[in-house]
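Protein chains in written order, with the working numbering: chain A, 3 to 543; chain B, 3 to 543. Beta carbons: idealized from backbone N, C-alpha and C, even for Gly. Here is the structure we will look at.
Protein chains: 2
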Amino acid sequence: MTEPCALGLDFGTASVRALIVETRTGCERGSAVAEYRHGVIETTLPESSERLPPDWALQHPGDWIEAIERAVPEALRAAGVPKSAVVGIGVDFTSCTVLPVDAAGAPLCLDARWARRPNAWVKLWKHHAAQPQADRINAAAERRGEAFLADYGGRTSSEWLAAKALQILEEDPEVWAAASAIVEGGDWVVGELTGARVRNACGAGYKGFWSRERGFPSAEFFAALDPRFGSLADRLGGEIVPPGRAVGGLTPAMANRLGLEPGTAVAAAIIDAHSAVPAATVVEAGRMVMVIGTSTCHMLLAERHAPVEGIGGVVKDGIVEGFYGYEAGQPAVGDLFGWFAKVAGGGDFAALEREAASVPPGARGLLALDWWNGNRSVLVDANLSGLLVGLTLATTPAEIYRALIEATAFSTRRILDAFEAQRIPVREIVAVGGLAERSPLLLRIYADVTRRPIALAASANASALGAAMLGAVAAGVERGGHSSFVDAAGAMAHLKPGRIEPDPKAADAYDALYPDWLALHDHFGRGPGAALMTRLRRGRA
Amino acid sequence: MTEPCALGLDFGTASVRALIVETRTGCERGSAVAEYRHGVIETTLPESSERLPPDWALQHPGDWIEAIERAVPEALRAAGVPKSAVVGIGVDFTSCTVLPVDAAGAPLCLDARWARRPNAWVKLWKHHAAQPQADRINAAAERRGEAFLADYGGRTSSEWLAAKALQILEEDPEVWAAASAIVEGGDWVVGELTGARVRNACGAGYKGFWSRERGFPSAEFFAALDPRFGSLADRLGGEIVPPGRAVGGLTPAMANRLGLEPGTAVAAAIIDAHSAVPAATVVEAGRMVMVIGTSTCHMLLAERHAPVEGIGGVVKDGIVEGFYGYEAGQPAVGDLFGWFAKVAGGGDFAALEREAASVPPGARGLLALDWWNGNRSVLVDANLSGLLVGLTLATTPAEIYRALIEATAFSTRRILDAFEAQRIPVREIVAVGGLAERSPLLLRIYADVTRRPIALAASANASALGAAMLGAVAAGVERGGHSSFVDAAGAMAHLKPGRIEPDPKAADAYDALYPDWLALHDHFGRGPGAALMTRLRRGRA
């Protein structure tokens with residue numbers, strides 16, 4: 003008798019991970035990673051020697067399928083389970099990674115007629131060449147008072163769907179005309195697996211301006227950007243489905259290619275970061291998930307919609323069905339510490355951690371604004387930059403390192419303040435991600451600065467585990483999965499033992515510093531200080 | 003026929019340098035350095051095992067004479083000149099380095115009755131244990147509206163004479179009662195050489211609150227600090243003599259000990275930094291001397307007295323007789339760059355210099371406030387601290403290094419602004435000191451930021467050369483010296499060939515940045531930003 007298992011497919015930037023998880027225990031039985039053959043396409047298209055412009059980043063959709071053809075059988079072998087054990091499949095995907103497809107759902111870039119046209123290809127999440135389009139989208143939305151803008155903190159990103167679609171239209175109207183739809187990579191893969199062409203509410207909501215109440219923005223809005231762009235509305239068809247809902251069964255052809263049973267339940271996709279939320283045991287309001295890596299993504303479920311200051315996004319059904327999913331972000335966390343370790347002449351994190359741990363709260367009189375990569379939440383201003391104050395001839399590298407960690411903690415506290423100001427409470431933080439696992443000092447400082455207990459998710463593959471949980475929910479209880487996210491989380495998601503509780507004395511010390519940090523935040527985040535930072539950023543350009 | 007020579011005796015913190023210089027050419031014929039036997043006394047007195055309190059720094063006055071007994075004959079030998087060639091002797095000395103002496107001018111600490119009393123010893127310039135006394139002096143002077151306070155930027159230092167004297171009185175009234183006078187080390191040495199007990203106007207003015215117009219502060223002022231301290235006025239006797247004036251001839255006994263001719267003219271002393279002014283060819287108004295080392299001292303001659311904002315000191319006859327000598331200072335320059343090189347994991351200045359030279363003006367969007375050791379001029383606030391803004395993930399160590407140099411240059415420009423606001427023009431800068439010689443990049447940036455040409459003094463021993471020039475002036479023209487500083491400078495002081503002219507394009511770039519730097523300076527130097535910095539300093543304490 004084999005334990006029922008779910009398969010999580012975690013599509014990253016360079017590779018996909020297939021993870022086989024027991025649905026009753028969450029035991030991760032086996033996993034395999036397969037790299038994409040073409041990797042990130044940044045210089046030339048696969049069948050052309052013409053150079054791509056700067057800031058372009060593309061993918062090859064064939065890579066995704068080819069990679070899971072290798073990874074899934076290997077994961078099954080590693081897990082030591084028969085294919086019959088896999089009862090459900092979930093997909094998480096980078097986002098916004100989008101491609102134009104034809105009426106049959108086939109990628110235009112795989113059609114010989116379009117293969118040499120850069121705009122026919124998949125624009126990867128980190129394709130940054132659509133900034134002019136994003137600037138115009140923000141200006142038009144603000145001018146027209148579009149309601150959606152407030153759900154994204156008043157500013158939308160060049161990484162998102164509309165900017166990337168507008169770039170296609172403006173740079174290659176023929177590709178635009180040939181495209182029947184613009185789809186997220188995760189939705190396209192689910193379509194390949196099942197034949198069902200739906201959109202996941204997570205991608206549509208956080209990256210496509212969609213909301214359960216309003217739908218997508220109107221054709222009039224899109225037409226205001228370019229008369230021809232009104233047709234984007236036609237290219238956003240398909241049912242919007244919350245992540246984890248069953249969208250169909252695995253087709254026989256795909257079952258054959260992957261070595262799985264035909265008809266296996268496949269769930270609507272989810273964005274990779276958001277997939278970590280159920281994997282971190284969070285399927286209810288009041289517990290914030292922080293995915294702490296090179297940057298930090300904060301996700302919080304709540305029962306109400308509220309205009310939280312400078313939020314990254316708020317989407318009904320965007321993460322866990324039935325809840326408003328709020329997202330915020332800090333764009334430089336691990337990257338910031340890595341920058342400092344490099345500037346400090348090495349990269350000996352272990353020594354910095356050790357020494358910084360013996361520096362008292364407040365880093366001996368240093369404060370920092372952690373805006374080395376701008377500010378993405380509360381202030382939503384990419385032109386802001388990093389600041390250090392309180393430096394003396396006695397200041398040590400370990401003190402600076404600690405001040406930088408404390409700065410990211412104060413920024414997190416400021417984000418929590420924004421939620422609580424709208425009466426959306428946060429009573430606990432669950433940390434996920436490489437940096438969260440590597441730096442006990444960081445978790446200690448975050449607990450003390452935010453005065454919140456911090457738990458750590460048990461899985462080292464949280465996104466893939468979350469995807470497997472979607473598969474288990476899609477399979478349903480009668481097939482060996484779960485009837486709800488609450489049940490799935492109860493069985494499959496775990497926290498590491500031991501929760502970090504705030505130390506009252508350290509928390510008092512940070513409370514005493516916070517008004518000064520806030521004064522710096524407000525001086526440089528708004529008004530003349532922000533204008534100065536913007537001028538300095540121009541000096542770097 | 004031997005060229006007439008002057009002897010400069012440059013008394014530093016750890017050693018004395020004797021330099022033999024031809025009076026007609028400035029040719030440095032020979033020099034010798036002798037260390038002080040007891041060095042800086044910081045832990046225990048020579049004849050006691052009792053530990054000194056923190057922040058104490060003492061010297062042994064016998065060391066000074068013993069050291070020149072070794073250094074002068076060695077310098078003569080190195081110069082290859084007979085003792086008859088030496089026509090005049092000048093002394094420059096660290097300051098404020100002061101000692102209590104008896105009615106005969108003998109140091110109390112060399113009297114067995116007082117040798118075990120710490121307050122009987124020489125308090126070296128960097129003795130920092132009199133801060134409470136300095137705080138009270140500042141408060142009392144402000145409360146009483148003492149006129150002298152404005153000549154020191156509104157704040158006097160714990161390093162200066164009155165604070166050190168008040169510490170003697172308060173901590174050891176018996177030593178105080180036994181002291182007939184409190185004298186500067188330089189004046190005491192000149193007294194030993196000649197038997198003439200005078201005070202040099204430089205030390206009295208910059209460190210003793212004396213001015214040509216007002217004299218020393220009144221006994222009433224001193225009594226306001228402590229009724230017994232009114233007697234300080236009695237302990238400040240002696241004629242006040244401009245540096246370079248002949249005060250007497252070398253006594254036969256001293257001539258014998260040093261291997262010189264009796265009756266050789268000896269000049270009134272000068273502070274070591276100020277001695278660099280004539281050595282840098284500056285004996286007229288409008289040319290600022292900057293001694294650039296671990297810190298920077300700015301000195302400027304002018305024909306008028308004016309209330310320059312936050313000046314370090316202004317003294318008539320303090321540097322060159324007939325002129326008002328203005329002093330300003332930046333307390334962290336070479337120390338700041340050294341701090342950064344250490345934080346950046348090494349100390350490879352050559353590599354930082356080379357890379358920073360190819361970074362454009364403005365350090366790619368970085369600005370810094372160079373207050374790592376507080377601000378000593380304009381703002382006069384030791385509680386200020388360093389600030390860096392504009393940091394991004396792309397910021398390199400070389401960019402930060404350049405931003406730190408630029409910050410010290412902006413601070414210099416702000417000091418020039420303060421002079422020019424009082425219609426005291428500065429048309430050229432003459433740089434002196436180790437850092438000025440080692441960093442062409444620094445001189446280039448200073449020229450561009452200040453829009454002033456920068457010349458470099460030729461001598462590597464500027465203070466000792468300046469002292470020799472004092473000796474030449476004291477000797478007078480009929481004995482092979484000079485009749486005036488102008489003549490002495492014309493013959494003995496030289497600039498290196500080539501003057502660094504401001505580059506108009508770079509100067510324009512800095513002009514564009516300067517208002518933003520000033521906005522930071524004013525925000526953090528005054529008002530709420532300064533209060534924040536003061537709180538941060540307390541966090542370090």
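Using the three-state DSSP reduction, which class does residue i fall into: helix, strand or coil?
| i | result |
| --- | --- |
| N93 (chain A) | Reading the sequence as shown, one finds Val at residue 93 (chain A) and not Asn. Strand at V93 (chain A). |
| A7 (chain A) | First, the residue type needs correcting, since residue 7 (chain A) is Cys and not Ala in the sequence shown. Looking at C7 (chain A) - three-state DSSP - the assignment turns out to be strand. |
| L437 (chain A) | helix |
| A457 (chain A) | strand |
| R214 (chain A) | coil |
| R512 (chain A) | In the sequence on display, residue 512 (chain A) carries Tyr and not Arg. Correct three-state label for Y512 (chain A): helix. |
| D12 (chain A) | strand |
| H523 (chain A) | helix |
| K344 (chain B) | helix |
| D383 (chain A) | strand |
| N258 (chain B) | helix |
| N568 (chain A) | This structure gives no information on residue 568 (chain A), because the portion of chain A shown stretches from 3 to 543. |
| N375 (chain A) | coil |
| S297 (chain A) | coil |
| I321 (chain A) | coil |
| A330 (chain A) | strand |
Under the criterion of a Cβ to heavy atom distance below 7 Å, does residue i qualify as lining the ligand COA?
| i | result |
| --- | --- |
| A449 (chain A) | By its list of ligands, the structure shown contains no ligand whatsoever, and the ligand COA lies outside what it can speak to. |
Going along chain B, which residues have a C-beta under 8 Å from residue i?
| i | result |
| --- | --- |
| M535 (chain A) | V391, G392 |
| R468 (chain A) | It should be noted that the sequence gives Gly, not Arg, for residue 468 (chain A). What G468 (chain A) touches in chain B: nothing, since even the nearest Cβ is about 28 Å away. |
How long is the line joining the alpha carbons of residue i and residue j, rounded to whole angstroms?
| i | j | result |
| --- | --- | --- |
| L168 (chain B) | P134 (chain B) | 10 Å |
| L418 (chain B) | G435 (chain B) | 20 Å |
| D104 (chain B) | A464 (chain B) | 34 Å |
| A165 (chain B) | E311 (chain B) | 23 Å |
| L369 (chain A) | A405 (chain A) | 6 Å |
| G349 (chain B) | V291 (chain A) | 42 Å |
| R542 (chain B) | R366 (chain A) | 4 Å |
| T394 (chain B) | N377 (chain A) | 12 Å |
| K209 (chain A) | R39 (chain A) | 26 Å |
| G392 (chain A) | I402 (chain A) | 10 Å |
| P399 (chain B) | L354 (chain B) | 8 Å |
| A180 (chain A) | L520 (chain B) | 56 Å |
| S413 (chain A) | A330 (chain A) | 11 Å |
| D383 (chain A) | P530 (chain A) | 14 Å |
| A493 (chain B) | L522 (chain A) | 56 Å |
| P280 (chain B) | D524 (chain B) | 34 Å |
| D489 (chain A) | V200 (chain A) | 25 Å |
| F325 (chain A) | L458 (chain A) | 22 Å |
Name the chain B residues whose beta carbon is nearer than 9 Å to that of residue i?
| i | result |
| --- | --- |
| S387 (chain A) | G367, L368, V391, G392, L393, T394, T397 |
| R356 (chain A) | Those within 9 Å of R356 (chain A) in chain B number zero; the least Cβ separation is about 16 Å. |
List, in chain order, every chain A residue whose beta-carbon is nearer than 8 Å to that of residue i.
| i | result |
| --- | --- |
| P56 (chain B) | Near P56 (chain B) there are no residues of chain A at all, since even the closest Cβ is about 15 Å away, more than 8 Å. |
| L538 (chain B) | G367, L368, L369, V391, G392, D518 |
| R542 (chain B) | R366, G367, G392, T394, A396 |
| N375 (chain B) | T394, L395 |
Run down chain B in chain order and give the residues with a C-beta less than 7 Å from the C-beta of residue i.
| i | result |
| --- | --- |
| L195 (chain A) | Correct list: empty, because the minimum Cβ distance to chain B is about 38 Å. |
| P506 (chain A) | Under the 7 Å cutoff, chain B gives no residues; its nearest Cβ is about 19 Å from P506 (chain A). |
Going along the stretch 321-346 of chain B in order, which residues come within less than 8 Å of chain A, judged by CB to CB distance? From the stretch 321-346 of chain B, only A334, D337, L338, W341, V345, A346 have a Cβ closer than 8 Å to chain A.
Runs of 4 residues minimum, wholly inside the stretch 386-447 of chain A: which ones carry the alpha helix (DSSP H) assignment? Segments of the alpha helix (DSSP H) lying fully in the stretch 386-447 of chain A: 399-423, 436-440.
Quick one: which residues of the stretch 516-528 of chain A get their C-beta closer than 8 Å to a C-beta of chain B? List them in chain order. The residues in question are D518, A521, L522, H525, F526.
Contact set between the stretch 81-92 of chain B and chain A, restricted to residues whose Cβ is under 9 Å from the partner: Along the stretch 81-92 of chain B, none of the residues has a CB nearer than 9 Å to a CB of chain A.
What runs of the beta strand (DSSP E), each 3 residues or longer, lie entirely inside the stretch 62-106 of chain A? The stretch 62-106 of chain A contains these whole beta strand (DSSP E) runs: 88-95, 100-103.
Interfacial residues, the stretch 436-457 of chain B to chain A, with Cβ spacing under 9 Å: Along the stretch 436-457 of chain B, there is no position whose C-beta sits under 9 Å from a C-beta of chain A.
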